[in-house]
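J.: Pasting a structure here, questions to come.
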Amino acid sequence: MRYFEIKSEFFGQPIETDIDLDYPIGFCTNSSEFINLLDYLTDQELIKTAEKGKVYQLKFEGLKRLDDLRKTITKKRQAFIAMWFDAEMNEVYYNGFKKAILDSGYEPMKIDFKEHNNKIDDEIIAEIRNSGFMVADFTGHRGGVYYEAGFAHGLGIPVIWTCRKSDFDNLHFDTRQYNHIEWESSGRIT
0 MRYFEIKSEF FGQPIETDID LDYPIGFCTN SSEFINLLDY LTDQELIKTA
50 EKGKVYQLKF EGLKRLDDLR KTITKKRQAF IAMWFDAEMN EVYYNGFKKA
100 ILDSGYEPMK IDFKEHNNKI DDEIIAEIRN SGFMVADFTG HRGGVYYEAG
150 FAHGLGIPVI WTCRKSDFDN LHFDTRQYNH IEWESSGRIT
């Protein structure tokens, strides 16, 4: 519902949705699960559809529910991004992860952009604790990403697991059982 609220320029604006690409906004593992979520929200009369699977609108009851949630839940508006600090990953960060996080109403936190004069490990831990969720990208199989994802997971902070398709076969067995979003480029998720 928050996604439809953010995307709307005015109340009730129809928002086009690409089920095959937009399913991560509902923290869904695939488009089928996303359709089930949208059907549930429609059945609860929180959203309505002009064209099932393609166009949705936030209803007044949905807007009211969002307002009620804001009053009762203090939500951390930051999303921590753990990923390989390599120049080849810049496009993925800027055009993929950062854009998606901003579009969902959160502020991305990538530790190499934070100015500080403390121990980097302490800064990482503090920023993970200050985040509502984490995107952990295992491309390049960096030990720090595994550590940071495990730390967030242990705190109960939701982790979105991602990996470039060409690196997927080398994922460590401790994380393979989690659903990973495979990507080939910053604009294409498989």
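Just so you know, numbering that gives the first Met the number 0 puts the end of the sequence shown at 189, numbered straight through with nothing missing.
Even glycine gets a Cβ: it sits at the ideal position worked out from N, Cα and C.
Please read all numbers here as calculations on a predicted model, not as lab measurements.
1. With a threshold of 16 other CB atoms inside 10 Å of the CB of G11, please say whether the residue is buried or exposed.
2. For S130 and A99, what's the separation of their Cα atoms in angstroms?
3. Do V144 and F137 have their C-beta atoms closer together than 8 Å?
4. Identify which residue in L62, S31, D42, L101 has its Cα closest to the Cα of E4.
5. For W182, which residues in the same chain have their Cβ closer than 8 Å to its Cβ, ignoring the five residues on either side in sequence?
6. Please report the Cβ distance between E32 and Y22, rounded to the nearest whole angstrom; I am assuming they are in contact, meaning their Cβ atoms lie under 8 Å.
7. By Cβ distance, which residues of its chain are closer than 7 Å to D111, with the 5 residues on each side in sequence left out?
8. Tell me the rounded alpha-carbon separation between D17 and E106.
9. Looking only at its own chain, which residues have a Cβ that is under 7 Å from the Cβ of N255, when we skip the five neighbours before and after it?
10. From I159 to N178, what distance separates their C-alpha atoms?
11. Ends of the alpha helix (DSSP H) at F84?
12. Give me the residue from S30, H152, S7 with the minimum Cα distance to R128.
13. Where does Y93 land, buried or exposed, given buried means 16+ other C-beta within 10 angstroms?
14. Can M0 and L57 be called in contact, C-beta distance under 8 Å?
15. Cβ of I80 within 8 Å of Cβ of K53?
16. Do you know how far the Cα of Y2 is from the Cα of M88?
T.: For this structure:
1. exposed
2. 16 Å
3. yes
4. L62
5. V91, G95, T161, C162, R163, K164, I188, T189
6. 7 Å
7. F84
8. 23 Å
9. The structure shown has nothing for residue 255, since the chain only spans 0 to 189.
10. 8 Å
11. It is not in any alpha helix (DSSP H) - F84 carries neither H nor E in the DSSP assignment.
12. H152
13. exposed
14. yes
15. no
16. 26 Å
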